[in-house]
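Protein chains in written order, with my numbering: chain A, 1 to 148; chain B, 1001 to 1148.
Glycine is no exception: its CB is placed at the ideal position from the N, C-alpha and C atoms.
Since we're looking at a predicted model, the values are computed, not measured.
Protein chains: 2
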Amino acid sequence: MLRIGKLTDYATVVLAVLADRPGECLSATHVAEATRLEVPTVAKVLKTLAKSGVIDSVRGVNGGYRLAEPADSISVAAIIRAMEGPIALTECGLEPGLCAREQNCNLKGNWKRIGQTIENALESLTLADLAAPQGPGLRLVTDTAPVA
Amino acid sequence: MLRIGKLTDYATVVLAVLADRPGECLSATHVAEATRLEVPTVAKVLKTLAKSGVIDSVRGVNGGYRLAEPADSISVAAIIRAMEGPIALTECGLEPGLCAREQNCNLKGNWKRIGQTIENALESLTLADLAAPQGPGLRLVTDTAPVA
DNA sequence: TTAAAATGATACCAAATTGGTCTTGTTTTT
DNA sequence: AAAAACAAGACCAATTTGGTATCATTTTAA
């Protein structure tokens, strides 16, 4: 199963809550109650998202977190990147030197392209689309330019 | 990093070798030498691929493995499915009942759609494309119908 | 008929990743 | 000054995964 981590899944749920109350500052505790997730887990997710700039954090009493941008400006790709790092299916697609027989391997470049294509698909899908109950215009525009 | 297992990566390398000699029956040992991978690992990959019908196996002396279909008929999606099972990014996208708050979660359906979109993208890419050194027409046609 | 070559099946171990929790420190408001 | 909330990092446990070894079965060829 081509997969992402559970925390990334949680991240979308958490972000959906924030998207529901634009501008408001919600504490980790509040989000945990809304999502039925454990507080420490939610806190971890929120911190990770804040570190990469997807959400803003406000410290002190009545502090909390809020979206850094409107929900329709936050791409699913950005969320996944925030939680999991660069999007690539194989290590080969990331950095050279990890694969022992890199020079004889004619597949590496193609894996990279596949990853980029998927990333493009996720780039054009936003948090607003995800949060919408059965979002009407959930359209995925993917890679367009032939990768020659 | 949105990822697939190492064995799936190996599978593409292994299949590329088989694609290079259409019709010929290559033993696990031979493929291992060609790919510089360990024999037991290659054997495991080949067996998995054979079980799901991507390649055919021939037992006995001079036996081995060969592609079940022409390389341009074997999709990357089929390879990934053979090695990893159903393509889905989250458990929610697979079977209901795994998520505690499934009924209050408005994201589930959308995750499933994202997974299907990616699967479509991988469906239209074949082993022949992967094996081609710098394949000219590496085009990915993805989900087309708006997911309303 | 027998031996060798090859796959089939299974079990097992070790290591890496991940999910989850806890503790301590810092900031800001009241 | 105290309380509320985030920040940072250490830590542990469990699942998964990669990799290896063992034994059985099939088929060809001498």
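- Measuring C-alpha to C-alpha distances from B/A1077 to each of B/E1069, B/S1124, B/Y1065 identifies B/S1124 as the nearest.
- If you draw a straight line from the Cα of A/E24 to the Cα of B/P1070, it comes to about 57 Å.
- Counting along the chain, B/L1130 sits inside no beta strand (DSSP E); it lies in the alpha helix (DSSP H) bounded by residues 1127-1131.
- Within the same chain, L15, A19, A71, I74 come within 6 Å of A/L127 by CB-CB distance, once the 5 residues on both sides are set aside.
- Residues of the stretch 8-30 of chain A that bring their beta carbon within less than 7 Å of a beta carbon in chain B comprise D9, T12, V13, A16, in sequence order.
- Secondary structure note for B/L1067: its beta strand (DSSP E) is the uninterrupted segment 1064-1067.
- When the Cα atoms are used, A/T48 and B/L1089 turn out to be separated by approximately 20 Å.
- Taking CB atoms only, A/D56 has no neighbour in chain B less than 8 Å away.
- Ranked by Cα distance from B/I1079, the first of B/G1060, B/I1055, B/R1059 is B/I1055.
- In the DSSP annotation of this structure, the continuous segment of the alpha helix (DSSP H) that includes A/D9 starts and ends at 6-20.
- Comparing C-alpha distances from A/N62 to each of A/T35, A/T29, A/G53 shows the shortest one belongs to A/T29.
- Residue A/V42 holds the alpha-carbon nearest to the alpha-carbon of A/Y65 among A/R81, A/N120, A/V42.
- By the Cβ-count criterion, B/R1003 is buried, with 16 or more other Cβ atoms from all chains shown falling within 10 Å of its own Cβ.
- Between the beta-carbon of A/I118 and that of A/I87 there is about 7 Å, and that keeps the pair under the 8 Å contact cut.
- Judged by DSSP in its simplified three-state form, B/I1074 adopts coil rather than helix or strand.
- Under the DSSP assignment, B/V1054 falls outside any beta strand (DSSP E); it carries neither an H nor an E label.
- In the structure shown, the three-state DSSP call for B/R1113 is helix.
- Just measuring C-alpha positions, the residue of A/V31, A/E38, A/V13 sitting nearest A/D129 is A/V13.
- A direct Cα-to-Cα measurement between B/R1021 and B/A1132 gives close to 13 Å.
- Not one beta carbon of chain A lies nearer than 8 Å to the beta carbon of B/T1048.
- Cβ-Cβ distances below 8 Å link B/R1081 to S1052, I1087 in the same chain, with the five nearest sequence neighbours on each side left out; the list follows chain order.
- When DSSP reads this structure, B/R1036 sits in no beta bridge, so it has no partner.
- With respect to B/T1008, B/M1083 sits close: the two C-beta atoms are nearer than 8 Å.
- Around the C-beta of B/V1058, fewer than 16 other C-beta atoms lie within 10 Å, and the residue is accordingly described as exposed.
- One thing to note: A/V39 has its Cβ no nearer than 8 Å to the Cβ of A/V17.
- DSSP places A/L89 outside both helix and strand once states are collapsed to three, so it counts as coil.
- Listed along chain B, no residue sits closer than 8 Å to A/E38 by beta-carbon distance, the nearest being about 11 Å off.
- Between the C-alpha atoms of B/L1037 and B/A1011 there is a straight-line separation of about 11 Å.
- Per DSSP, the beta-bridge partners of A/L26 are A/Y65.
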